[in-house]
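See structure below.
Residue numbers (the working numbering), protein chains in the order written: chain P, 14 to 299; chain Z, 139 to 476.
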């Protein structure tokens with residue numbers, strides 16, 4: 014009896030598993046289909062795309078299209094745009110992490126006049142995303158002559174209240190005795206920061222790096238505003254720039270190849286840092 | 139090797155006075171235990187010696203030189219913290235070597251010093267482990283090792299055993315004592331546990347509300363408590379206190395203190411005070427008999443475990459030698475018995 018009951022339960026669970034999997038597979042297919050179409054479109058010729066029905070299986074133009082995209086592109090070579098995006102995303106991610114680590118360190122470990130005020134000022138900027146302050150920011154960046162430059166792309170986006178807040182919360186969970194032990198051991202504040210606090214925050218840093226890299230990579234409005242020179246275009250805005258205006262003909266295979274290429278770096282970052290990323294979000298290693 | 143001197147040491151946080159002036163001369167190699175209930179300022183006192191807390195007034199001297207304005211690292215002290223405060227991302231070796239690395243000690247010497255400390259503390263096989271892979275007792279040893287390798291003038295212990303279980307605590311207590319003896323380093327040790335204080339100290343400071351109520355050798359403090367607080371805090375079970383009116387011959391207006399081990403039970407009407415047994419705790423080697431006196435005060439008598447314990451509700455008298463009787467004035471100070 015007991016054995017049969019167990020058997021029944023296993024079977025029932027088995028059926029449940031099948032349904033769960035079926036649901037997941039359908040979901041993945043629905044999400045993945047547009048990406049598949051983009052990939053297919055990047056491997057065929059222009060006439061094949063514009064004549065319905067659209068092909069569903071890759072063609073033989075893969076190397077041609079990707080070579081065209083990377084080397085010449087439409088306005089600027091995609092290789093150059095990828096490089097621009099990469100520099101911007103890395104600059105934003107690393108810059109944000111460095112600045113927020115240091116400001117969180119200052120807020121948590123030092124007593125200085127106006128400490129609370131500064132913290133709330135930083136916190137307040139959470140309410141001011143790029144879009145809200147975009148006109149004055151543009152004015153400032155233009156005034157410094159930073160249009161069409163990497164510094165113009167990076168610096169206005171480099172301060173991060175979110176990251177500062179996150180590191181502040183993390184630093185506050187680090188026992189005070191650790192800082193005191195380091196003081197007795199003879200570590201001056203920056204030494205403590207580099208030797209102890211930074212290694213302890215590495216999973217948080219990794220998690221934040223992934224989020225911020227993608228945030229930087231996906232920036233659209235800001236690069237669109239301040240880069241007029243095609244050689245400074247980033248890839249996300251560059252795709253839009255490739256769209257034809259007026260009667261021009263869109264070079265769809267190249268545009269689609271560019272789209273696929275634009276997706277790769279964030280995917281690589283996420284996959285390569287997945288382990289650390291999850292640990293950073295879940296673990297609280299003390 | 140060092141002497142430590144605290145002169146009228148005071149500390150206030152804002153307007154709250156936490157330490158009201160502590161004086162003590164600690165000679166080279168002495169083991170001083172600072173004991174008191176939580177909130178009495180014992181940790182603050184230790185942290186002032188360490189340099190983790192600023193001094194409001196008075197002076198801390200190490201080897202005759204004032205160190206009030208010196209950073210912890212320049213005082214040549216080492217501290218063992220309650221939660222060990224080991225660096226979680228460093229292995230045992232690096233934890234112990236960190237202070238030496240900062241001091242730019244040559245690598246070979248660091249390795250040698252860490253090795254010898256590890257040997258002393260039986261940590262040799264754990265040198266490559268991270269703190270989270272160690273048991274509580276081992277972490278405690280690493281924290282001690284970190285203090286030893288620096289060859290400090292003074293060891294400071296801030297309740298180092300309070301996170302260990304009872305058995306380990308007894309064992310580590312012994313190890314700390316032996317270690318301190320063999321190294322001969324002047325030590326200050328903070329605890330709220332009077333057993334630790336009694337067993338470890340050469341001299342102890344009993345703190346009460348920011349005041350050093352009594353400073354002296356453990357047995358001296360036990361035998362001759364200078365205040366009512368010390369009499370109640372040192373010794374377990376605690377001293378019995380009775381109003382003078384209850385005890386014939388006691389100076390009027392004083393409080394009479396009698397230690398449970400000095401009192402014996404006797405038949406009713408033959409004791410100095412009378413009462414009823416409310417309950418008794420048999421601990422094997424000893425039995426604690428709790429009485430409710432006729433005046434409704436509580437009284438505890440400690441008797442040998444071999445003696446028969448009286449039943450609950452049993453009426454009896456309590457006797458003690460008048461020489462064991464202590465008198466305390468209204469201010470809590472001891473009054474010399476005439």
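A virtual CB, placed ideally from N, CA and C, is assigned to each residue, including glycine.
Test: residue i CB closer than 8 Å to a CB of chain Z
{"i": "residue 202 of chain P", "result": "no"}
{"i": "residue 283 of chain P", "result": "no"}
{"i": "residue 220 of chain P", "result": "no"}
{"i": "residue 191 of chain P", "result": "yes"}
{"i": "residue 196 of chain P", "result": "yes"}
{"i": "residue 213 of chain P", "result": "yes"}
{"i": "residue 110 of chain P", "result": "no"}
{"i": "residue 199 of chain P", "result": "yes"}
{"i": "residue 126 of chain P", "result": "no"}
{"i": "residue 48 of chain P", "result": "no"}
{"i": "residue 105 of chain P", "result": "no"}
{"i": "residue 236 of chain P", "result": "no"}
{"i": "residue 268 of chain P", "result": "no"}
{"i": "residue 273 of chain P", "result": "no"}
{"i": "residue 71 of chain P", "result": "no"}
is_contact[residue i, chain P] using C-beta, thresh 8 Å
{"i": "residue 240 of chain Z", "result": "yes"}
{"i": "residue 184 of chain Z", "result": "no"}
{"i": "residue 421 of chain Z", "result": "no"}
{"i": "residue 190 of chain Z", "result": "yes"}
{"i": "residue 200 of chain Z", "result": "no"}
{"i": "residue 227 of chain Z", "result": "yes"}
{"i": "residue 343 of chain Z", "result": "no"}
{"i": "residue 371 of chain Z", "result": "no"}
{"i": "residue 172 of chain Z", "result": "no"}
Alpha-carbon to alpha-carbon, residue j and residue i
{"i": "residue 252 of chain P", "j": "residue 46 of chain P", "result": "20 Å"}
{"i": "residue 480 of chain Z", "j": "residue 459 of chain Z", "result": "Since the first residue of chain Z shown is 139 and the last is 476, residue 480 of chain Z is not available in this structure."}
{"i": "residue 236 of chain Z", "j": "residue 270 of chain Z", "result": "18 Å"}
{"i": "residue 208 of chain Z", "j": "residue 248 of chain Z", "result": "25 Å"}
{"i": "residue 210 of chain P", "j": "residue 119 of chain P", "result": "12 Å"}
{"i": "residue 115 of chain P", "j": "residue 162 of chain Z", "result": "42 Å"}
{"i": "residue 293 of chain Z", "j": "residue 101 of chain P", "result": "52 Å"}
{"i": "residue 297 of chain Z", "j": "residue 190 of chain Z", "result": "16 Å"}
{"i": "residue 397 of chain Z", "j": "residue 378 of chain Z", "result": "6 Å"}
{"i": "residue 179 of chain P", "j": "residue 219 of chain P", "result": "13 Å"}
{"i": "residue 357 of chain Z", "j": "residue 372 of chain Z", "result": "10 Å"}
{"i": "residue 15 of chain P", "j": "residue 31 of chain P", "result": "Confidence is the limiting factor: at residue 15 of chain P the pLDDT is only 45, short of 50, which leaves the residue's position unreliable, though a coordinate-based value still follows. Going by the C-alpha atoms only, they are around 25 Å apart."}
{"i": "residue 113 of chain P", "j": "residue 177 of chain P", "result": "4 Å"}
{"i": "residue 148 of chain Z", "j": "residue 177 of chain Z", "result": "15 Å"}
{"i": "residue 192 of chain P", "j": "residue 111 of chain P", "result": "20 Å"}
{"i": "residue 276 of chain Z", "j": "residue 226 of chain Z", "result": "14 Å"}
{"i": "residue 192 of chain Z", "j": "residue 389 of chain Z", "result": "45 Å"}
{"i": "residue 258 of chain P", "j": "residue 94 of chain P", "result": "20 Å"}
{"i": "residue 384 of chain Z", "j": "residue 433 of chain Z", "result": "8 Å"}
Three-state secondary structure (DSSP) of residue i
{"i": "residue 287 of chain Z", "result": "coil"}
{"i": "residue 77 of chain P", "result": "helix"}
{"i": "residue 30 of chain P", "result": "helix"}
{"i": "residue 477 of chain Z", "result": "The shown model of chain Z, from 139 to 476, leaves out residue 477 of chain Z, and the question about it has no answer."}
{"i": "residue 289 of chain P", "result": "helix"}
{"i": "residue 201 of chain Z", "result": "coil"}
{"i": "residue 198 of chain P", "result": "coil"}
{"i": "residue 353 of chain Z", "result": "strand"}
Boundaries of the alpha helix (DSSP H) in which residue i is found, first to last residue
{"i": "residue 230 of chain Z", "result": "230-240"}
{"i": "residue 228 of chain P", "result": "215-230"}
{"i": "residue 208 of chain Z", "result": "Per DSSP, residue 208 of chain Z belongs to no alpha helix (DSSP H) and is neither H nor E."}
{"i": "residue 213 of chain Z", "result": "Premise fails: residue 213 of chain Z is in no alpha helix (DSSP H) and is neither H nor E."}
{"i": "residue 341 of chain Z", "result": "It is not in any alpha helix (DSSP H) - residue 341 of chain Z instead sits in the beta strand (DSSP E) that spans 341-346."}
{"i": "residue 209 of chain P", "result": "Here residue 209 of chain P belongs to no alpha helix (DSSP H), and DSSP marks it neither H nor E."}
{"i": "residue 97 of chain P", "result": "91-122"}
{"i": "residue 248 of chain P", "result": "248-255"}
Residue interval of the beta strand (DSSP E) (run including residue i)
{"i": "residue 379 of chain Z", "result": "378-381"}
{"i": "residue 438 of chain Z", "result": "436-442"}
Residue i, buried or exposed, once every other Cβ within 10 Å from all chains shown has been counted against 16
{"i": "residue 256 of chain P", "result": "exposed"}
{"i": "residue 185 of chain P", "result": "exposed"}
{"i": "residue 129 of chain P", "result": "exposed"}
{"i": "residue 270 of chain P", "result": "buried"}
{"i": "residue 70 of chain P", "result": "exposed"}
{"i": "residue 230 of chain P", "result": "buried"}
{"i": "residue 413 of chain Z", "result": "buried"}
{"i": "residue 300 of chain P", "result": "Summary: the structure shown does not reach residue 300 of chain P, with chain P confined to residues 14 through 299, and so no result is reported for it."}
{"i": "residue 164 of chain P", "result": "exposed"}
{"i": "residue 189 of chain P", "result": "exposed"}
{"i": "residue 287 of chain P", "result": "exposed"}
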